[in-house]
Amino acid sequence: MQFRRPRATLISAAVFVALGVGLGACTVAGPGVTGDVEESDSLLVRADVQDLSAAEKAEFVDAILAMKRTPAVADGRVTNLYDSFVATHLSKLMCWTYDPTQGGWGHDGPDLLTWHRAFLLDFEQELAEVAGHPIAIPYWDWTDDASTAAVFSDDFMGNLGVESDGYAVTTGPFRAGEWEVSVRGIAAGDIDLPDHLVRATGTIDDALELPSTEEVTQALLRDTYDAAPWTSAADPNVSFRQYIDGGDATGLTCDSGEISFVDVKPGSLRLHSTVHLWVGGQADGAMGSLADTATSPNDPVFWLHHANIDRILEAWWIAHDYEYLPVSGGPHGNNIDDQLYPYTYTNGDMAVSTVSLGYAYDVLPTAGGTEEAQPVVHEGTAPAFHH
1428 MQFRRPRATL ISAAVFVALG VGLGACTVAG PGVTGDVEES DSLLVRADVQ
1478 DLSAAEKAEF VDAILAMKRT PAVADGRVTN LYDSFVATHL SKLMCWTYDP
1528 TQGGWGHDGP DLLTWHRAFL LDFEQELAEV AGHPIAIPYW DWTDDASTAA
1578 VFSDDFMGNL GVESDGYAVT TGPFRAGEWE VSVRGIAAGD IDLPDHLVRA
1628 TGTIDDALEL PSTEEVTQAL LRDTYDAAPW TSAADPNVSF RQYIDGGDAT
1678 GLTCDSGEIS FVDVKPGSLR LHSTVHLWVG GQADGAMGSL ADTATSPNDP
1728 VFWLHHANID RILEAWWIAH DYEYLPVSGG PHGNNIDDQL YPYTYTNGDM
1778 AVSTVSLGYA YDVLPTAGGT EEAQPVVHEG TAPAFHH
């Protein structure tokens, strides 16, 4: 069964919490009660971009543009709210995050998926704040050509770059001259980077194509959330997290102030890393916007990509009782009770049903290569983020 969300009837439980209203006022069903997403009129449902109406696309875009115009409060790193998110993402990959008070990297380890789940929830709540009503982050199903076409349409994310234009985004609301890129990775060095989005799509040899349905299926067939040594050196034949992440490497190092891979195995890019590098590519000696991992949220496609990663995560977690590893003994920031800096939540807090966090997906992928409606299992309280 495939469910597509009804319009204008979905309200985020997370927003109720942010407004000081108890979650009990908008529960789907009592704790432990199950059902399908379609039974609920009180969840924020993340849908495939291709299923959005023109009005819904415009609403999402307008909220992002409003964030770019909204002054950053108590964040001296940047001038606006949107760029505050880019700077936070960058901070996770700076070498000072080795400091044990700062938590993990949010990348290349077990906290990749939990930290980004919290990051998207935070962003979704800020969208609601600037819009004055809940807005769900849609997802980009990169295994579906129709979803890809909808993402890179002129009324949404704009075009994929072409060489004759220097791979600049030249159409849509985030085109050059309308959307300014101002947060830079500290490893940029002396490269003269443009102040607009760059999508040198398909220019990196190991990322010439988007992931397939078969790759999603293979991820869902992994039996264990993660495995020692709990880094990019984990065995992708065992670790769900490492398989979905890709970029198998022998370790990490500090390179010009940012954390980077050591000895990446050729041909080891998979779902998460492939999409970043496919969209962004490389041009004139510099990584394109989405491919520059540390500052990749500069390109709003980031949110659509990571919503799909989170959707696959939820499908795996439903089948594996929300297993999170390691419980202890892993790198700081990656154990189940470790903090997801800068948030106060832990990895374990995010290893729960999305319904408990105030949102759901219209459909989830399965290990059989099909899609089905997300079951609703409600427990706990949705988190509230504050800026």
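The numbering of the sequence shown is the working numbering, which starts it at 1428 and goes up by one.
The C-beta atom is built at its ideal place from N, Cα and C for all residues, glycine as well.
On a predicted model such as this, the values are computed, not experimentally measured, just so you know.
Residue pairing of residue 1788 in beta bridges, as defined by DSSP: 1473.
DSSP, read as helix, strand or coil, puts residue 1798 in strand.
A direct Cα-Cα distance of roughly 11 Å separates residue 1482 from residue 1583.
Taken in chain order, the complete alpha helix (DSSP H) segments of 4 residues or longer contained in the segment 1502 to 1566 are 1508 to 1518 and 1538 to 1558.
Residue state for residue 1658 is assigned as coil, using DSSP reduced to three classes.
Note on geometry: alpha-carbon atoms of residue 1777 and residue 1670 lie some 20 Å from one another.
Counting every other CB atom within 10 Å of its CB across the protein chains shown gives residue 1800 a total of 16 or more, marking it as buried. When DSSP states are grouped into helix, strand and coil, residue 1713 belongs to the strand group. In this structure residue 1635 is exposed. Its beta-carbon is surrounded by fewer than 16 other beta-carbon atoms within 10 angstroms. Secondary structure of residue 1720 (DSSP, three-state): helix.
The Cβ neighbour count for residue 1600, taken over all protein chains shown within 10 Å, is at least 16; the residue is labelled buried. With a cutoff of 9 Å on beta-carbon distance, residue 1620 and residue 1713 are scored as near each other. At a Cβ-Cβ threshold of 9 Å, residue 1717 and residue 1726 count as neighbours. When secondary structure is reduced to three states using DSSP, residue 1651 falls in the strand class.
Note that the C-beta distance between residue 1699 and residue 1745 is not below 9 Å. Contact between residue 1622 and residue 1641 fails: their C-beta atoms lie close to 39 Å from each other, not under 8 Å. Comparing C-alpha distances from residue 1658 to each of 1507, 1756, 1562 and 1715 shows the shortest one belongs to 1756. Under the DSSP assignment, residue 1728 falls in the alpha helix (DSSP H) whose first and last residues are 1728 to 1746. Cβ-Cβ distances below 6 Å link residue 1488 to 1600 in the same chain, with the five nearest sequence neighbours on each side left out; the list follows chain order. At a Cβ-Cβ threshold of 9 Å, residue 1472 and residue 1484 do not count as neighbours. For residue 1576, the enclosing alpha helix (DSSP H) stretches over residues 1572 to 1578.
With contacts defined as CB atoms closer than 9 Å, residue 1494 and residue 1508 qualify as a contacting pair.
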